[in-house]
Every structure is written in structure tokens, then in C-alpha cells.
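Input: a single structure, listed below in C-alpha cells.
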Amino acid sequence: MTDSMTVFRKLHDSGCFVLPNPWDRGSAILLARLGFKALATSSAGFGFSRGVPDTVGALPLEVVLDHMRDIVAATPLPVNADFQEGFARDAAEVEENVRRCVDTGVAGLSIEDATGNDAQPLFERSHAIERMQAARAAIDASGRPVVLTGRCESWLVGDETPLDTALGRLVAYAEAGADCLYAPGVSRAEDITAIVDAVRPKPVNVLVGSGTMGLTVPQLAELGVRRISVGSALSRVAWGAFLRASKGILEEGRFDLLDGAASFAELNDTFAKRR
Numbered sequence: 079m080t081d082s083m084t085v086f087r088k089l090h091d092s093g094c095f096v097l098p099n100p101w102d103r104g105s106a107i108l109l110a111r112l113g114f115k116a117l118a119t120s121s122a123g124f125g126f127s128r129g130v131p132d133t134v135g136a137l138p139l140e141v142v143l144d145h146m147r148d149i150v151a152a153t154p155l156p157v158n159a160d161f162q163e164g165f166a167r168d169a170a171e172v173e174e175n176v177r178r179c180v181d182t183g184v185a186g187l188s189i190e191d192a193t194g195n196d197a198q199p200l201f202e203r204s205h206a207i208e209r210m211q212a213a214r215a216a217i218d219a220s221g222r223p224v225v226l227t228g229r230c231e232s233w234l235v236g237d238e239t240p241l242d243t244a245l246g247r248l249v250a251y252a253e254a255g256a257d258c259l260y261a262p263g264v265s266r267a268e269d270i271t272a273i274v275d276a277v278r279p280k281p282v283n284v285l286v287g288s289g290t291m292g293l294t295v296p297q298l299a300e301l302g303v304r305r306i307s308v309g310s311a312l313s314r315v316a317w318g319a320f321l322r323a324s325k326g327i328l329e330e331g332r333f334d335l336l337d338g339a340a341s342f343a344e345l346n347d348t349f350a351k352r353r
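All you need for the numbering used here is the position in the sequence shown, starting with 1, plus 78.
As C-alpha cells, this is what we get:
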């Protein structure tokens, strides 16, 4: 377990790597078999698999912790936990919950500053910093080299000046102990560069949810991005294929959309080798 944590931390030292997001044990195993170096959970991807929306409080902490243990156990790869807002508002509760998250064996975890409350979409800045410090304290107390990612949700909550808000908060989160910084929703190359420059030398994660961003792995690496995640995108690709095939059967009586399905033999053999 500690070895995977050390490997994950070293991945952030140089270069650029992709951190794909499985939503269950099977998708984690397949991603590992393809050759990815690390994995990350997705609150949305897992939520959709449980039939709930990606909203604060949609899934209880105990269910999420069980999911993290399941993904960690699925492969030898390091796993980063999408730990949302820490499942608490109070900093002391964040610290306790982060301690429990670390105990699942994850190699990294993120804490975001979105409240889930439309009236106040982001935690007040000083409180958000206090929450990050609490997460850092929990990790330090564990004695494990878990990577803490500080997230600013300014783009996702519709902040009027998302770049300015993200720059100020991410710098503060870095000073509060975050090892990696992340502003999901940023898409313009110049904004990404500004974030990388602001928190340098600490690594930056960028979320790529679709091809509309227009940036490839080499281009993001050139901008100084150290880590790339895809969030719920892979799960939505799977749901998209499922919906297209199902609608084709229901509405048109067609079964040809099933022709693009993964091979039964390939999947069966892959999972048989896990026994």
C-alpha cells in the first residue's frame, strides 16, 4: 500500500500522466490492463452507477468509503480519491473523514471548495483554507505519503471571474498544504498556463471531459500540466453506447448497434485471469 503511494507521489515529480476514472471494479481492472499508471475515482461516475445524481450528499460517506476500498483492491495501481467536499463543512469533521479516507488505502485524495448550496456556491475563502489545512493535518498524522489535491470549483459553480477566483484560492491551498492543484472546468490554454505559473513548482491537474477542449496530452504537457483526469467522461461514454443501443432496439427494432459491443470472450478471459 505504501509502495503505491510512493509511486503515485513520484508520478507528480516530472512529465505528464493521464489519470483515468473507473466507476467500478471491472472498469478499474480493464484500465489497469491497458497500461495506465494510476487510477482515480469519480463521484459522478460512481453515483450514476448507483442511480443517483452527482450532488453533495447524494451518497453517504460509508458507501463512498466502501467504493474506494473496492477500487483500491481491484488492481495494484495507485488510486486517487474524488473525496468531494470531505463530506463535512466543519474543518474538524473534514480532518476525521480524511483520516478515514486515507485508511482505505488510496494514494491521493482531493478536497473541493464547492458547498452544494446555490446561495453560497463556494465556501468562504478563509474557511476553505482552514478545511485544506485540516485535510493536510490528517494526512500528516497518518504518516503515509498520500498526495493531497486542492480543488477550486469556480468554473463549475458559474463564478463571475473564475480565473481570478481560482488563482487566488489555488495559491492559498498550496500554501495550506495541498500537493497538487486543480480547477475543473478550465479549458483555455492561457488560463491553464496562468494556473501552472501561479502555483509553480507544485503540479497541476487538468480535467478533460470531451474533445471540445481541443488539447491533446502532448499539448497539455507543453503547457506545464503534470496530471490529466477525465472525470465521469469514460462512464458517460459507456452510458452513451448503452442508451444508443437500447433506443435502437426500442424505437427502431434494430440490433445492429450491438455490433460495437466489447467481445464477450475478451472480457470473460480478462476477468477469468483475475481469479
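C-beta: ideal position from N, C-alpha, C; glycine also.
Check	Outcome
Nearest neighbour of PHE165, chosen from PRO156, ALA152, CYS179 [CA to CA]	CYS179
In chain order, each alpha helix (DSSP H) run of at least 4 residues that lies wholly inside the region 82-140	103-112, 121-127
Inter-residue Cα distance where the pair is GLU174 and ALA216	7 Å
Selection from ALA299, THR153, ASP160, GLY287 that minimises the alpha carbon distance to PHE124	ASP160
Contacting residues, own chain, Cβ-Cβ under 6 Å from GLY287 (five flanking each side not counted)	GLY309, ALA311
Same chain, Cβ closer than 8 Å to LEU117, neighbours up to 5 away in sequence not counted	LEU97, PRO98, ASN99, PRO100, ALA106, LEU109, ALA110, ILE149, THR153, LEU155, PRO156, VAL157, ASN158
Assigned secondary structure, SER307 (DSSP; H/G/I helix, E/B strand, else coil)	strand
Cross-strand partners of ALA159 (DSSP beta bridge)	LEU187
Cβ neighbours of SER120 in the same chain (closer than 7 Å, five flanking residues each side left out)	ASN99, TRP101, ASP160, GLY309, SER310, SER313
Check whether LEU335 and ALA323 have beta carbons under 7 Å apart	yes
Within 7 Å, strictly: CB atoms of MET210 and ALA272	no
Own chain partners of ILE270 with C-beta closer than 7 Å, once the 5 adjacent residues on each side are dropped	VAL264, VAL284, LEU301, VAL303
Under the three-state DSSP convention, the category GLY326 falls into	helix
Nearest residue (CA-CA) to PRO199, options LEU234, LEU321, GLU208	LEU234
Own chain residues within Cβ distance below 7 Å of MET83, not counting five before or after	PRO156, ALA185, ARG222, PRO223, VAL224
ARG278 versus GLN297, GLU202, TYR251, residue with shortest Cα-Cα distance	TYR251
ALA169 versus ASP132: straight-line alpha-carbon distance, rounded	23 Å
7 Å Cβ cutoff met for LEU187 and GLY228	no
Residue from ALA340, ARG266, ASP81, ALA261 whose Cα sits closest to the Cα of LEU293	ARG266
Option in SER232, ASP242, VAL176 with minimal Cα separation from GLY194	SER232
Sub-7 Å separation of ALA254 and ILE327 beta-carbons	no
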